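Notes to accompany the following structure.
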Amino acid sequence: MENRDSLIEVIRTLYRWRKTIRNLCLAALITSVGISLLLDNYYEARTVFYPTSPRLANPELLFGYTGQVTDYFGSDRDLDRLAEIARSREVEDFLIERFRLYEHYDIDSTAKEGEYKLRKRLRKQYQVLKNKNDALEITVEDKDPLLAADMANAAREKINQVAQRLTKESQRQLLAAFENNMKRKQAELERLGDSLRRVQEFYGIYDVSTQSSQIAGQLSAAELEVIRYRARLEVLEADPSVPRDTLAFIRANLRAFEQQRQQLRSREGSSEVLTVDRLNEAVPRIAILQDMHYQARKQLTYDIERYNQIMATYSTDIPALLVIEAAEPPPIKSRPKRSLIVIASVLGTLLFSLLAALVADAYSGLRWRDAFTD
């Protein structure tokens, strides 16, 4: 019963203050409507994109030298990398300079806190978000819907350029390393070629296989001729009817072939006279130099091919992001929500008025002067 009486008393109090409450709510309504109408309209433009995989710039994948399946979309790390680029000062500076934001936001560029105020304003209206589908969103708010769309698209293109530049800088460093390596290997190849030519000129050997066969054939032929002429000489010397001139001729031929055999077996020789010993001495040296020259030429050929692949990749325009949705001028404003402002103002005023009426009625009989004096 007591609670019921209290509730009735509250209703009576509010009823007595009804006109005041009504007037305050009307005043709040009119004021909030007027203020909300004075607020500028802001339009939000949005662009959505995914990162591409950095592996697309890998020469092995580009030229099909690997059996791995190409994944065109990047990972979460690639998404975070693009987000960091999007929030970087380089992108902010680009937007400030291109769209002349000092003038657009009416901020004095010469003021001490001018840059701070500009960047604070820009970061408030330029947002980089990762949405629920793991895509990157760039939203730009501005009073001009066309400018908002242009800024969002320009920021996305700048992000793409910066990401591409970072990749190409890595490729450029790799190309420089390959260039230095190829110069070193080219010099080594020339040195090995000079050494091989000097050894070949010193021994007079230019085709090991052919000249080895020739030396072996000459030595075998000389051996056979020596054996043949010795046998003939032994037979003819036993026959007294054989003329002395014939025997002298046979002895001369025998000595000639013996001398030829001796020369072929001799350790001494020159570039004009190739001996078996010089051939055996030269073959290992020439073989080692030829093998080293072949390996150096093979490695240099591989490096040149690899360099050309990286250069082709470097010259190819591989995007760092895949655009899902380009920003377009928004047809409707994003803020202010005038209806919400008016409703919130009226409701807030109503609640405050009700509370104020109850408090005023509860302490209406209190003598405030006596309450604050002893």
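To get the working numbering, take the position in the sequence shown, counting from 1, and add 193. No residue lacks a Cβ here, since even glycine has one placed at the ideal position from N, Cα and C. Note that the structure is predicted; figures quoted are calculated from it, not measured.
- When rounded, the separation of the alpha-carbon atoms in ASN346 and THR240 is 7 Å.
- Going by DSSP, LYS323 is part of the beta strand (DSSP E) stretching over 319-323.
- When the beta-carbon positions are compared, PHE287 and LYS351 come within less than 7 Å of each other.
- Between THR245 and ALA513, the gap from beta carbon to beta carbon is short of 7 Å.
- When the five nearest sequence neighbours on each side are left out, the beta carbons in the same chain lying within less than 7 Å of the beta carbon of SER229 are those of PRO529, ARG531, ILE534 and VAL535, in order along the chain.
- In this structure the segment 312-329 lies against the segment 268-280, because at least three pairs of beta carbons, one per stretch, are closer than 8 Å.
- Excluding residues up to 5 positions away in sequence, VAL333 lie with their Cβ nearer than 6 Å to the Cβ of TYR319 in the same chain.
- By the Cβ neighbour-count rule, ALA238 is buried, with 16 or more other Cβ atoms within 10 Å of its own.
- Counting along the chain, the unbroken beta strand (DSSP E) around TYR236 starts and ends at 236-244.
- Beta-bridge partners of THR332 (DSSP): ARG239 and GLN320.
- CA-to-CA, the gap between GLU290 and ILE517 works out to about 27 Å.
- Around ASP335, the same chain offers ALA341 as residues with beta carbons nearer than 6 Å, after the five sequence neighbours per side are excluded.
- With a 10 Å radius around the Cβ and a threshold of 16 neighbouring Cβ atoms, SER363 comes out exposed.
- Of the residues LEU339, LEU367, ALA489 and VAL284, the one whose Cα lies closest to the Cα of GLN502 is LEU367.
- Rounded to the nearest whole angstrom, the C-alpha separation of ARG349 and ILE481 is 59 Å.
- Taking the CA atoms as reference points, LEU322 sits about 44 Å from ARG215.
- According to DSSP, residue pairing for LEU514 in a beta bridge involves PRO244.
- Judged by their CB atoms, TYR235 and SER527 are nearer to each other than the 7 Å cut-off.
- Restricting attention to SER281, LYS313 and GLN357, the CA atom closest to the CA of ASP510 is found in GLN357.
- Bridge partners of ARG528 according to DSSP: TYR235.
- Taking a C-beta distance under 7 Å as the contact criterion, VAL539 and LEU222 qualify as a contact pair.
- Its chain contains ALA328, LEU329, ARG349, LEU514, LEU515, VAL516 and ILE517 as the residues whose beta carbon lies nearer than 7 Å to that of PHE242, once the 5 sequence neighbours on both sides are disregarded; these appear in chain order.
- Counting along the chain, the unbroken alpha helix (DSSP H) around ILE278 starts and ends at 269-279.
- The alpha-carbon of LEU294 is positioned some 13 Å away from that of VAL284.
- Less than 7 Å divides the Cβ of MET375 from the Cβ of ASP496.
- Under the three-pair Cβ rule at 8 Å, the segment 485-492 does not count as touching the segment 297-316.
- In the DSSP assignment, PHE287 falls within the unbroken alpha helix (DSSP H) covering 282-291.
- If you draw a 10 Å sphere on the C-beta of LEU548, you find fewer than 16 other C-beta atoms in it, and that means exposed.
- Within the same chain, Cβ atoms closer than 8 Å to the Cβ of LYS361 are found at TYR507, the five residues on either side in sequence being excluded.
- Beyond the five residues adjoining it in sequence on each side, LEU382 comes within less than 8 Å, by CB distance, of HIS486, ALA489, ARG490 and LEU493 in the same chain, given in chain order.
- Secondary structure of SER302 (DSSP, three-state): coil.
- No residue range can be given for GLU521, since it is assigned to no alpha helix (DSSP H) and is classified by DSSP as neither H nor E.
- One alpha carbon belongs to PRO522, the other to LEU315, and they sit about 18 Å apart.
- Across the structure, ALA505 and ALA519 are spaced so that their CA atoms are roughly 29 Å apart.
- Contact between VAL392 and ARG478 holds, since their C-beta atoms are separated by about 5 Å, short of 8 Å.
- Under the criterion of beta carbons closer than 8 Å, PHE371 and ARG499 qualify as touching, at roughly 7 Å.
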